[in-house]
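So in this note's numbering, spot 37 of the sequence shown is number 589, and the numbers just go up one at a time. In what follows, a single structure is set out as structure tokens and then discussed.
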Amino acid sequence: GPQVVEGENVFGVAHIYASFNDTFVHVTDLSDKDTIVRVTGDMNVKADPDEASPYAAMLAAHYSA
Numbered sequence: 553g554p555q556v557v558e559g560e561n562v563f564g565v566a567h568i569y570a571s572f573n574d575t576f577v578h579v580t581d582l583s584d585k586d587t588i589v590r591v592t593g594d595m596n597v598k599a600d601p602d603e604a605s606p607y608a609a610m611l612a613a614h615y616s617a
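Printed below as a string of structure tokens:
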């Protein structure tokens, strides 16, 4: 995609799916055609990644921002 200057605001659509086992955060551009970032909760925790937790969901949201 296009390069972004430091400090410039970029807009996107955040699709959040929270299931019993995991949390998915998928950010696309405004047309929903290009993926900007896709993060799951178990990508960020080291202890028991198969178990859902509010901390893992918070980390997924933080890394996608």
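Glycine included, each C-beta is placed from N, C-alpha and C at the ideal position.
Check: Delimiting residues of the alpha helix (DSSP H) encompassing A612; Outcome: P606 to S616
Check: Proximity to T592 [Cα-Cα], best of D586, V556, S605 and S583; Outcome: S605
Check: Boundaries (first-last residue) of the beta strand (DSSP E) holding V562; Outcome: That residue, V562, is in no beta strand (DSSP E); it is neither H nor E in DSSP.
Check: Supposed close pair T580, H567 - CB separation, criterion 8 Å; Outcome: 7 Å
Check: Buried versus exposed call for A609 [16 or more other C-beta atoms within 10 Å across all chains shown]; Outcome: buried
Check: Range of the contiguous beta strand (DSSP E) that encloses F576; Outcome: T575 to T580
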